[in-house]
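Peer 1:
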Amino acid sequence: MSELYALLKDYDLLEKTKIYAVIKYVKEDDIKNNKFNNVKKNIFKRCKELELESKEQEILRKITNQRQTFLDDRFKLSIEIKKEMIDKYILKKLSEEPILRLIKKDYLISWAQILSLILVADELKTSQIRKFLSGVRGVEVRVNREKPENFSRQEVVFLKVHLAYAKSRNDAVKPLMDVMTAVIDKIQEKGPEGLKDFKTFVRFVEAVVAYHRFYGGAE
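Quick note on this note's numbering: the sequence shown kicks off at 12 and runs consecutively.
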């Protein structure tokens, strides 16, 4: 376990991910060149944006105390956070839910917030997520032309190809690909119930885009 990950052990999932986003906001050059005024400035700025002012001194102290190993430890933290938040929380919980359209809205919102924070921290641009949303909109237009009983998940499955291609060009897409692929696989194969699942999927994608922008995702 990295020292930075140990710092997060007493926080809830959303707070952990927010603190991760703050830690990722620290510039590598500022650490390498001992520009700790810049480090402090960026930590305080990001803490304010994410409503973490009460944690800023603790985060700053932890980074300052381990400045010699900070960059290596942050790399380890990135792996640990994604394993906990994506694999052990979102994907595990999703696998336990038998019906997509019946998943509680609170879960979907929580997943969208956490996924968006990770994508922002990894510097995935809003424009890249909007490309995926555009693909979803295209499917939505085609689906809405048909009767609910004629819905087929095959219209949606091809979106996974777009995600795989985007991931091959930018590894920061991987969390988005992993989560969206799992959600798509939860859509019922055919008929009105499948259409309801698809609409839940669309709302989830919209939430991810909205939170990505809200949490400061760059264009």
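Ideal Cβ placement from N, Cα and C applies to all residues, glycine included.
Any beta carbon of chain C sitting closer than 8 angstroms to that of residue 228?
Peer 2: Of the protein chains in the structure, only one exists, and it is not chain C.
Peer 1: Restricting to Cα atoms, I'd like to know which of 146, 51 and 153 is closest to residue 170.
Peer 2: Position 159 of the sequence shown, counted from the start, is the residue given in the question as residue 170. For the residues 146, 51 and 153, the minimum Cα distance to residue 170 belongs to 146.
Peer 1: What does DSSP give as the partner residue(s) for residue 179 in the beta ladder?
Peer 2: Stepping through the sequence shown from its first residue, residue 179 is reached at position 168. DSSP lists no partner for residue 179.
Peer 1: Mapping DSSP to helix, strand and coil, what is residue 210?
Peer 2: As a first step, residue 210 is located in the sequence shown; it is residue number 199 there, counting from the start. Looking at residue 210 - three-state DSSP - the assignment turns out to be helix.
Peer 1: Looking at the unbroken alpha helix (DSSP H) that takes in residue 145, where does it start and where does it end?
Peer 2: Residue 145 sits at position 134 when you count from the first residue of the sequence shown. That run of the alpha helix (DSSP H) goes 137-155.
Peer 1: Is the stretch 133-147 touching the stretch 100-119 in the sense that three or more CB pairs, one from each, lie closer than 8 angstroms?
Peer 2: The stretch 100-119 vs the stretch 133-147: no contact.
Peer 1: Going by beta-carbon coordinates alone, are residue 38 and residue 48 separated by less than 8 angstroms?
Peer 2: One-based indexing of the sequence shown puts residue 38 at position 27. One-based indexing of the sequence shown puts residue 48 at position 37. Cβ atoms of residue 38 and residue 48: not closer than 8 angstroms.
Peer 1: Is residue 202 closer than 8 angstroms to residue 131 when the C-beta atoms are compared?
Peer 2: As a position in the sequence shown, residue 131 is number 120, starting the count at 1. As a position in the sequence shown, residue 202 is number 191, starting the count at 1. Their beta carbons are not under 8 angstroms apart, which means residue 131 does not touch residue 202 by this criterion.
Peer 1: With DSSP collapsed to three states, give me the class of residue 201.
Peer 2: By one-based count along the sequence shown, residue 201 stands at place 190. Note: residue 201 maps to strand in three-state DSSP.
Peer 1: Taking the straight line between their C-alpha atoms, what separation do you get for residue 183 and residue 133?
Peer 2: Numbered from 1 along the sequence shown, position 172 holds the residue referred to as residue 183. Numbered from 1 along the sequence shown, position 122 holds the residue referred to as residue 133. The straight-line gap from Cα to Cα measures roughly 6 angstroms.
Peer 1: Using 8 angstroms as the cut-off, can you tell me whether the stretch 190-206 makes contact with the stretch 98-117, which would need three or more C-beta pairs spanning the two stretches below that distance?
Peer 2: Yes: the two stretches touch, three or more of their Cβ pairs being nearer than 8 angstroms.
Peer 1: Can the beta-carbon of residue 93 be found less than 8 angstroms from the beta-carbon of residue 229?
Peer 2: The residue you call residue 93 lines up with position 82 of the sequence shown. The residue you call residue 229 lines up with position 218 of the sequence shown. The answer is no: Cβ separation not under 8 angstroms.
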